[in-house]
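Just so you know, the protein sequences line up as chains A and B, in that order. Counting in our numbering, the first sequence runs from 1 upward without gaps. Counting in our numbering, the second sequence runs from 129 upward without gaps.
There are 2 protein chains.
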Amino acid sequence: MSHPSDSELAILKSLWASAPQSARSLHDGPGASLGWSLSSTRTTLARMVAKGLLVETKLDGVRAYGPARSKPAVMAGLMRRFLSRVMEIDGPLPTSAFTGSAVLDADELAEIEALLAEADDTADGEKT
Amino acid sequence: MSHPSDSELAILKSLWASAPQSARSLHDGPGASLGWSLSSTRTTLARMVAKGLLVETKLDGVRAYGPARSKPAVMAGLMRRFLSRVMEIDGPLPTSAFTGSAVLDADELAEIEALLAEADDTADGEKT
DNA sequence: TACACCTTGCGACATATGTCACATCCATCC
DNA sequence: GGATGGATGTGACATATGTCGCAAGGTGTA
Numbered sequence: 001m002s003h004p005s006d007s008e009l010a011i012l013k014s015l016w017a018s019a020p021q022s023a024r025s026l027h028d029g030p031g032a033s034l035g036w037s038l039s040s041t042r043t044t045l046a047r048m049v050a051k052g053l054l055v056e057t058k059l060d061g062v063r064a065y066g067p068a069r070s071k072p073a074v075m076a077g078l079m080r081r082f083l084s085r086v087m088e089i090d091g092p093l094p095t096s097a098f099t100g101s102a103v104l105d106a107d108e109l110a111e112i113e114a115l116l117a118e119a120d121d122t123a124d125g126e127k128t
Numbered sequence: 129m130s131h132p133s134d135s136e137l138a139i140l141k142s143l144w145a146s147a148p149q150s151a152r153s154l155h156d157g158p159g160a161s162l163g164w165s166l167s168s169t170r171t172t173l174a175r176m177v178a179k180g181l182l183v184e185t186k187l188d189g190v191r192a193y194g195p196a197r198s199k200p201a202v203m204a205g206l207m208r209r210f211l212s213r214v215m216e217i218d219g220p221l222p223t224s225a226f227t228g229s230a231v232l233d234a235d236e237l238a239e240i241e242a243l244l245a246e247a248d249d250t251a252d253g254e255k256t
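Now the structure itself:
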C-alpha cells in the first residue's frame, strides 16, 4: 500500500537483488549497514509485512521474506511522489535523466517511464 | 537543520513566494489546501521554528514567519537526499532534467546544480 | 540428557508528524 | 463598559518510525 521509508527501502533493495531471505540474512546485509540490532531488523520486517510491503515465506524451515511488489512499481511510486509533491513536475518527465542510478537499469527505467505515464500517486500499481 | 516533511515544504513554498506571513495567512493559503484547522497550521509553524526551518518576525504587531533558508538551499538538500538514498545516483547529475518544475526557475536550478556539486547530505548549506 | 544457540512472540519506549481543542488575553466596536 | 473576534499559550492524543530487550520454544551436539 503505502510508500516505504528510507530504511524500508534499503530492505527492499536487498530483497529485489535476492529473495527470499531470512531475518538473519537481512540483518547481516542491510541491517548491518544501518547499524541495527537483530531486534530492530525483525521489527522493521514485521511492520513491512503488516503494511503489505513484504510477503512471508518459508526457507529451510525458517521464516523468510520477499518483496510484495516489483522494483519498478515501487520505485515509480517513489519517483512520482517526489517529482509531484516536492518538485511539482507532473507532466511527462525524462526518466533518461536517472540513467546513473545504481538500482535501476535501462529496462527497468523504461518500465517505470510507462508506469509514470498513467498511475496516479495514491493507487500505485499493484503489479507484482 | 533537518529536512522538511511534505507538509512543511508546502508552508515553505508559500513563504518563499511571499514573506513574512502570519499564521492566519498561511492557514488560508497552504493550510487550506491541506485541509488543516488553524490549530494544526499553528502547531506545524511552531515546530518548524523549533527545528530551525522558519524564523519569527513581527508584522503589524502580529507574529509572522519567514523561511530560514533559501529555496535553492532547501530544495538542493531534498534533491540530494532523494537522488542519493532512493535513486543511488551520487555523481554529478543533470539538473536540466527538472526544468519542468513549477517551483524552480532556470536561475534557481543553476544555483542548485552548484550546491549539489559540493554540499554533502548531512550538513546542507546554511546559506540564507 | 543438558547445554547452547537460533528463531519466534511480545512488549516497550522515544521521537517525529498529523491534528486538534480549550482557556486567555487584547484590541476594537457599539 | 461589555460583547466579539482574532492572536497566543498550552496541552493532548494517534500513528509512524527507530530501536531494543526478554522470555519461551526447538533442535542438534557433546
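Ideal Cβ placement from N, Cα and C applies to all residues, glycine included. Bear in mind the structure is a predicted one, so any value in this text is a computation, not a measurement.
- Looking at the DSSP output, serine 150(B) sits in a beta bridge with Ala192(B).
- For the pair valine 202(B) and proline 132(B), the CB atoms are nearer than the 8 Å cut-off.
- Any Cβ of chain A closer than 8 Å to the Cβ of glutamate 216(B) would place that residue at the interface, and such an atom is present.
- DSSP assignment within the segment 171-246 of chain B yields the following whole alpha helix (DSSP H) runs of 4 residues or more, N-terminal first: 199-209, 234-246.
- For leucine 34(A), there is no enclosing alpha helix (DSSP H), as DSSP marks it with neither H nor E.
- Flagged as an interface residue toward chain B: serine 101(A), by a C-beta distance shorter than 8 Å.
- Serine 146(B) counts as exposed, since fewer than 16 other C-beta atoms from the protein chains shown sit within 10 angstroms of its C-beta.
- The C-beta separation of phenylalanine 226(B) from isoleucine 89(A) comes to about 6 Å, placing the pair in contact by the 8 Å criterion.
- Taken in chain order, the members of the segment 70-96 of chain A whose beta-carbon sits within less than 7 Å of a beta-carbon on chain B are Leu78, Phe82, Arg85, Val86, Met87, Glu88, Ile89, Gly91, Leu93, Pro94.
- A distance of 8 Å or more separates the beta carbons of arginine 69(A) and alanine 23(A).
- With fewer than 16 other CB atoms across the displayed protein chains lying within 10 angstroms of its CB, glycine 61(A) is exposed.
- Shortest Cα-Cα distance from leucine 182(B) to any of Ala230(B), Lys141(B), Ala204(B) involves Lys141(B).
- Near chain B, meaning a CB-to-CB distance below 8 Å, no residue of the segment 10-32 of chain A qualifies.
- Between leucine 243(B) and proline 200(B), the C-beta gap is smaller than 8 Å, which places the two residues in contact.
- Interface criterion not met: the Cβ of aspartate 107(A) is under 8 Å from no Cβ in chain B.
- For tryptophan 164(B) and leucine 59(A), the gap between their C-alpha atoms comes out near 47 Å.
- Each of Ile11(A), Ser2(A), Ser7(A), Asp6(A) was checked against the Cα of tyrosine 65(A), and the nearest Cα belongs to Ile11(A).
- With contacts defined by Cβ atoms closer than 8 Å, glycine 100(A) and leucine 162(B) do not form a contacting pair.
- For aspartate 6(A), the enclosing alpha helix (DSSP H) begins and ends at 6-17.
- Looking at the backbone, the Cα of glycine 52(A) and that of aspartate 235(B) are separated by about 42 Å.
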